[in-house]
Amino acid sequence: MLGTIARAASRYALLVMAVWVLLAGVGNVAVPQLEHVVKEQSRAFFPTDSGATQAAQRMGKLFGDSDSNNIAYVVLEADRTLGEPDRAYYRALAERLRTQTPGVESVMDLWDDPAAAAVFESRDHKAAYLMARLSGQLGSSAATEAVAALRGAVDLTDPPEGLRTHVTGPGASLVDEFAALDAQLARITVLTVGMIAALLLFVYRSPITAAVPLASVGLSLAVARPVVALLGEHGVIEVSVFSVALMSAMVLGAGTDYGIFLLGRYHENRRAGLAAPEALADAYRRVAPVIAGSSATIATALFCLTFAKVSFLRSAGIPSGIGILAAMLGALTLTPAMIGWFSRRGRVEPRVARINHRWRRIGTAVARWPGPVLVTAAAVLVVCTVPLLGAKISFAELSAQPATTDSSRGYQAMHGRFPDNRLLPEIVSIQADRDLRTPAGLITIERVTRKVLEVRGVRTVQSASRPAGTPVRQGTLAYQAGQIGEQLDGTAQSALDGMSSVDTVTATIGRLDTALDGMQRGLTGAVDGLNRVGAGSQDIGAGMTGLQGNLREVSGYADPLRQFVNGNPDCAANPICAAVQKIVKPLDDAVSATGTLAGGAGALRDGATSATNSLDGAADAVVTMRGALSQLRGLTSTLRSSLDTVGPQMRLMTGYLSQLSSDFAGSPEGGFYLPPRTFDDPEYRRVMDMMFSPDGHATRLLVYGDGESWGQDGADRSDEIRVAAAEALKDTPLAAGGVVDLTGVGTATAELIDYVQHDFALLVLATLVLIFVIVAGMLRSPVAGIVVLATVTVSYASALGASVAIWQFVLGQPLHWAVPALAFIALVAVGADYNLLLAMRLRDEAAAGVRTATIRAFAGTGSVVTIAGIVFGLTMFAMLGASVVTIAQVGSTIGIGLMIDTLVVRTFVVPPIAVLLGRWFWWPRRPLRSSRPYRREHRSVAPSFAPPR
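Numbering (our numbering), first residue to last: 12 to 960.
If you want it as structure tokens, here you go:
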């Protein structure tokens, strides 16, 4: 059957080649190019049901700005101090973004706000920034378009001379990373094809022979691309820039290997003396199952990526798997057609009919000393694996992209001028069942702020109670006490100075008394005296009224202090409450004393008036007047005594308030409080708009930390921040109805770590099970399947360890989180492919005995598998040409693994194990020995199988 397919492909070679060319041409004309589909159909980087994504959506609904996790920043920098022209540009840019830029859903521009300017301007005053929340989830096409629109708006706004602008932040970083890869993809592909062509020319020394696998893999890729593009355009599968890169590399590597396998067996048969048609048919019959099994293992492993939660991994699976299947179809149809067509013209013949004595000698040594060879190879693999013990995995997407991108330059502009991670905050939202824009609400917010600041690694918290990330100077009870003291000192002193006329009143009463004694000299003088007393008492009354009003106004300022004291049931045990109580009580006493003074002044005035009226009635009223004057003299004495008492009390109280304010200046222990009038302050109004939801029932905090926010530091800290915020709400009015939400880079990284661990465990399990089923089925032995699977797994661990040694310990760059999973899929699948080819050759030759079969398998497949491994390895090493570190690490790790598998595992691990296991390698069946001798032309004899005895 298989031989018939090969003969048909050879006979109708031109038709087969024409069909492939037609499929490639029509597909690429009728279907949009894959890169265009990727641009239009890329999906979100994180799952839509992730906690960080859903938290961002809830916050967007609460605050009415954006329900996406796509945050970007515009950084302004100059080599000079930023001035008014730069501020004008900042305001104009913010206005353009807010009103004229599609995709920009909200802007936080507080550089002009004195309350928050310190956060948005650098310490050297040479840089500033604004934050923009954009549409689209991170990594999606909508997010990419929003970042492009933001950059377009920045370009359209002319900056002052010397001012440079950069668009950066998480959203821009992902866009730049994928854009850098997209820009280099064509160059990497050309470099890969050039390296493969050079190696094939070196091996075959014939351009035609080298062109056969290259043409097959090129047309296979040209057919696979429109298929993937069509499915991606209709949303059937996910596509991304990374899936395009990986698919191209996998198709080039695997497709070339398949062509090498078929050419290698064809050349072996031709050297054995078979005619070209028979040589092709026999080669196809023996290699086609290997190609089908290999493509099945690789495609199955790649399809397992579909189970991943992270789109970066998930999007690479099906497109690459489709590419592998296309390469398989090309190898099974197009490659034999080209071999048959060129063989009839004598253009694909082997160079020299010879036996590879080098590989025979290696096979002989392995068959003779399997134990020592296996131990030595195992020692090498262990040495390569040891670096895994100190491996670190990087989740920092920023470090994965080139340093020349716009977002990288933005981070560079921030570095050294702002504290670390200023553009990577965690955002905490607190939702309540009441309006938080009250003094009590701010006290709760400050409590949460201080609790979050206690979390290890948290450096600054920007909140409604701390707009600039530092305690508000006027936001403490101690400060408010100082303000009351200053106001009281001024108003009280003025009132006391104004009431010095009480002494004048006393003197006037004395003179009036003298006048009464001289009543005989005329009543007129007495009347005039009483008029002067009345006028003086009226002045005193006015003074008393003013003093009383002033003290009552000052007492109103102390209402927050009075509420604070009344709200503490055990005030004496609270140092702050006890200190505040010492302020409130003297103030209340002073107000009471001024009431007495005001009453006395009124009585004095009434008494003077009464005395005057008495003179108008009769002269004998002198006695009554003397009684009234006596009463007035008593009242003025009481008034003088009260003034002597109130004065020192006021001076003592104002001094104590001033001292209290001075003692707690800059200390958070001064008791947080902002009075209601703060909410009417125009400067604080902008902070309220940014930090509170429109209905005031929610507020948000921006938390900045040390270490790697886009890494394990940020992930660990996010969980602690969530716990701290929830703990801070206990024993507050929000204990029952308060809801805490958290999103940001650290939160997303924590979820990404969980997703990657879940995806990797699932991929390992699914891939190993499926590949075992395929390999064991093809070899008809579960033992052989286990050996093949175990050896490729060891090969993967060795490759990962070697990659860690190079990247982490030599270059100082930990492996990107995607490397282990992608390297596992590729190395296990491709490694199983090479070991499968060797094992099937061992099975074909097993009738001659395990040692002889080993020698023959080395001679027949040694050079073919080595060339194939090196070719595939070169396609992976070509990815080192990418400036995106992720791609370079994936390519180098897979390339190292292929070299280890080809030169160590396939050569010095699998064959010794097969020799040591003997017939048990093929359990539950074992080959029967053949009576036919091994022919020198290396023609293989198909084995027969029987159950082991």
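All C-beta atoms in this analysis are idealised placements derived from N, C-alpha and C, irrespective of residue type, glycine included. Note that this is a predicted model, so its numbers are computed, not measured.
Residue i vs residue j beta-carbon contact at 7 Å
i	j	result
T179	S418	yes
L174	D97	yes
A312	A840	yes
S61	R144	no
L447	T710	yes
L121	A164	no
G974	L399	Limits of the chain in this structure are 12 at one end and 960 at the other, which puts residue 974 out of reach.
I456	S474	yes
A801	I905	no
G75	P705	yes
M910	G884	yes
L161	A99	no
M701	M206	no
L838	A810	yes
S79	S146	yes
T754	A63	yes
F318	L773	yes
L241	V42	yes
L291	G351	yes
L202	A889	yes
DSSP state of residue i mapped onto helix, strand, coil
i	result
G182	helix
S474	coil
Y695	helix
L534	Reliability of the predicted coordinates at L534 is poor, the pLDDT of 46 falling under 50, and the value obtained from them is presented with this limitation in mind. Helix, per DSSP.
V359	coil
E88	strand
G707	coil
I138	Note that residue 138 corresponds to Ala in the displayed sequence, not to Ile. Strand.
R296	helix
T176	strand
V915	helix
A816	helix
C145	The residue asked about is misnamed: residue 145 is Leu in this sequence, not Cys. L145: strand per DSSP, three-state reduction.
L790	helix
E465	coil
L826	strand
Whole-Å CB distance - residue i paired with residue j, under 8 Å assumed
i	j	result
S806	A191	Contact doesn't hold; Cβ gap of about 31 Å is too wide.
V466	E731	5 Å
R470	D717	6 Å
A20	H177	Not a contact, Cβ separation roughly 57 Å.
L435	W721	6 Å
V393	L712	V393 to L712, Cβ: 50 Å. No contact.
| query | At what residue ranges does the region 201 to 248 contain a whole run of the alpha helix (DSSP H), taking only runs of 4 or more? | reply | 218 to 244
| task | Taking 8 Å as the threshold, find out whether the region 137 to 144 comes into contact with the region 81 to 91 through three or more Cβ pairs. | result | yes
| task | Mind listing, in chain order, the continuous beta strand (DSSP E) runs of no fewer than 3 residues lying wholly within the region 385 to 451? | result | 437 to 442
| Segments assigned beta strand (DSSP E), at least 3 residues, entirely inside the region 48 to 118 | 81 to 88
| message | Under 8 Å, with one C-beta from each stretch per pair, do the region 286 to 295 and the region 217 to 227 reach the 3-pair mark? | response | no
| said: Using a Cβ distance threshold of 8 Å, determine whether the region 923 to 937 contacts the region 382 to 394, with at least three qualifying pairs required. | reply: yes
| Any contact of the region 867 to 876 with the region 240 to 251, i.e. 3+ C-beta pairs under 8 Å? | no
| query | Taking three-plus beta-carbon pairs below 8 Å as touching, is the region 267 to 287 in contact with the region 340 to 350? | reply | yes
| field | Contact the region 831 to 846 vs the region 778 to 789: 3+ CB pairs below 8 Å | value | yes
| query | Which residue spans inside the region 700 to 760 form an unbroken beta strand (DSSP E) run of at least 3? | reply | 709 to 716, 750 to 755
| request: Counting only runs of 3+ residues fully inside the region 867 to 900, write out the beta strand (DSSP E) ranges in chain order. | output: none
| message | Would the region 149 to 161 count as touching the region 44 to 58 if we require 3 or more Cβ pairs under 8 Å? | response | yes
| said: Whether or not the region 910 to 919 and the region 793 to 800 are in contact is what I'm after, with contact meaning three or more pairs of Cβ atoms, one per stretch, closer than 8 Å; do they touch? | reply: no
| said: Three Cβ pairs or more, each shorter than 8 Å: is that satisfied between the region 303 to 318 and the region 333 to 340? | reply: yes
| Cβ contact (3+ pairs, closer than 8 Å) linking the region 252 to 260 and the region 209 to 223 | no
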